[in-house]
Every structure is written in C-alpha cells, then in structure tokens.
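Here the protein sequences come in this chain order: A and B. Residue numbering for the first sequence is 7 to 125, as defined by the numbering used here. Residue numbering for the second sequence is 7 to 125, as defined by the numbering used here. Glycine included, each C-beta is placed from N, C-alpha and C at the ideal position.
There are 2 protein chains.
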Amino acid sequence: MFSDILQGILKETAGGIGISLMGYDGIAIEQHLEDYEAVDLQLLAVEYANVLKEVKRAVEVLETGFMEEVTVKTETFLVVVRALNEEYFVVLTLTADGNFGKARYLLMRDAPKLRDVLS
Amino acid sequence: MFSDILQGILKETAGGIGISLMGYDGIAIEQHLEDYEAVDLQLLAVEYANVLKEVKRAVEVLETGFMEEVTVKTETFLVVVRALNEEYFVVLTLTADGNFGKARYLLMRDAPKLRDVLS
Numbered sequence: 007m008f009s010d011i012l013q014g015i016l017k018e019t020a021g022g023i024g025i026s027l028m029g030y031d032g033i034a035i036e037q038h039l040e041d042y043e044a045v046d047l048q049l050l051a052v053e054y055a056n057v058l059k060e061v062k063r064a065v066e067v068l069e070t071g072f073m074e075e076v077t078v079k080t081e082t083f084l085v086v087v088r089a090l091n092e093e094y095f096v097v098l099t100l101t102a103d104g105n106f107g108k109a110r111y112l113l114m115r116d117a118p119k120l121r122d123v124l125s
Numbered sequence: 007m008f009s010d011i012l013q014g015i016l017k018e019t020a021g022g023i024g025i026s027l028m029g030y031d032g033i034a035i036e037q038h039l040e041d042y043e044a045v046d047l048q049l050l051a052v053e054y055a056n057v058l059k060e061v062k063r064a065v066e067v068l069e070t071g072f073m074e075e076v077t078v079k080t081e082t083f084l085v086v087v088r089a090l091n092e093e094y095f096v097v098l099t100l101t102a103d104g105n106f107g108k109a110r111y112l113l114m115r116d117a118p119k120l121r122d123v124l125s
C-alpha cells in the first residue's frame, strides 16, 4: 500500500532520487531509492528526522498550527518533507535541477492517502 | 543599506508580515515587522535560528554542499529562510496565503546584495 503510493510519487517527479516514509525516531517504515551513488540516502533521511524534530519543536513553541511542509535546498539537492501526523512524515529527495513544484504538489495530494494507510 | 533591501523585499511580497537579517546566534541585525499581532515575530526569528543551526549541521554531515534555502509551512504561516554566509541568514515570514514563489525569488535575487553589504 505504502509502496505503490511512494513509488508513484518518486516516478512522477522529475529529478526524484529517493523517498522515505519515516518516524520522528529516524526509523524508516518504507524506502525507495533510485540508483544514485553520490549520497547516502539512508543517512540523509536520518539527518532530516533530526531537522524535523527541531522544526516541530519550534512550531509548537510558536503555536503557529500544525507543521505541514519543510523544504531544504542545498547546492546539490532539494529535499521536500511532508508531515503526516504526530509520528510520521515523508522525505522526498531530488537533484538540484529537479521539479520542486511537482514534488510539493504530489506530496500534498497523496498525504491524505498515506495518512489513511497509517491509521 | 540593509534596511532598504529588506523593506523592499517585504513590500514586494504579497502576504509578507516580517523580515529579519539574523546571525546563527539568534541575534537580529535588522528587522522590519508589519503591524501583525497574531505572533511574536521576534520569538519566531529566534526559534528559526535554532532550526537553521540544525539544518546546517545536517547539511555538513551529509556533505551536500552549501545550504541555500529552507522553507517551513504551517497552518498559519509560510517562512522562507535564505542563508547568506557562514554567519548570517534572512528570515521572511508570510501569511499562509502569501506569495511563496515571489518570496523565494526576491530572496534569491537580493542575497548577493545583502552579502556584499555584510562583507
């Protein structure tokens, strides 16, 4: 179930190199990685779990409502993170020239489906 | 100098409510806030400095190149953060229906100018 949705998002996103459904504890439930050797995508997902925890904490302090999406752009990668609920989130990694708008759109579109499967 | 650039970005961005030029130590060099009472924008900037530090650390561990931009979307706000150099970054806060694309574009466009003024 997870598998189809995640693979669908990865395939539809130009420049997509990896997608993970993860818990805030840094443990992945499901992962799909393209054949891409320049970065350890598993390590990337774990590091982003730490980042997300910090963002979640900040958002709670600020009382600005549920955290929906976090993106990070570096010289070589675009990372789009979509929060699903209090425990889980999805991380989609693209190359720097990947389709950022499409990545954001697909994650927003499919978040309810992933939430349903999780509950 | 900072002042004109920052105010220009804030005014040109629909939904823009605050902009800060900050250090990773959480101290603002310059801030412009619209008359908006729903959130403590000063606290917001400090919290985002903590988030940025965590992202910067992750990016360094992952060796994925210089961190350029971080965005956070919650139910009530959009926050766009543009890194300038090893010490400073800009935080632009918009209402949830603000012009996210314009915010990203203007910060990217004016980052070199801000960098010049800082050095």
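- Distance between Tyr111 of chain A and Ser125 of chain A, taken at the CA atoms: about 22 angstroms.
- Its chain contains Val61 and Val87 as the residues whose beta carbon lies nearer than 6 angstroms to that of Val76 of chain A, once the 5 sequence neighbours on both sides are disregarded; these appear in chain order.
- Leu90 of chain A is positioned such that its CB atom lies no closer than 7 angstroms to that of Gly104 of chain A.
- With the criterion set as a beta carbon lying under 9 angstroms from some beta carbon of chain B, the members of the segment 89-102 of chain A are Ala102, in sequence order.
- Buried is the label assigned to Lys79 of chain B, since at least 16 other Cβ atoms lie within 10 Å of its Cβ.
- Within the same chain, and ignoring the five residues on either side of Leu113 of chain A in sequence, the residues whose Cβ sits closer than 8 angstroms to its Cβ are Ile15, Glu75, Val86, Arg88, Val96 and Leu98.
- Interface annotation, Phe72 of chain B: in contact with chain A, CB-CB separation under 7 angstroms.
- Contact between Tyr30 of chain A and Ala55 of chain A holds: CB atoms are separated by about 6 angstroms, below the 8 angstroms threshold.
- Within 7 angstroms of the CB of Thr19 of chain B, no CB atom of chain A is found; the nearest one sits about 17 angstroms away.
- For Val65 of chain B, the closest C-alpha among the options A:Val57, A:Asp122 and A:Val65 is that of A:Val57.
- By the neighbour-count definition (other C-beta atoms within 10 Å, threshold 16), Met7 of chain A is an exposed residue.
- Comparing alpha-carbon positions, the option among A:Glu40, A:Leu100, A:Gly71 and A:Met28 lying closest to Gly21 of chain A turns out to be A:Leu100.
- Straight through space, the alpha carbons of Val123 of chain B and Glu36 of chain A are spaced by roughly 46 angstroms.
- If you draw a 10 Å sphere on the C-beta of Ile33 of chain B, you find fewer than 16 other C-beta atoms in it, and that means exposed.
- The bridge partners DSSP lists for Tyr94 of chain A are A:Gly29.
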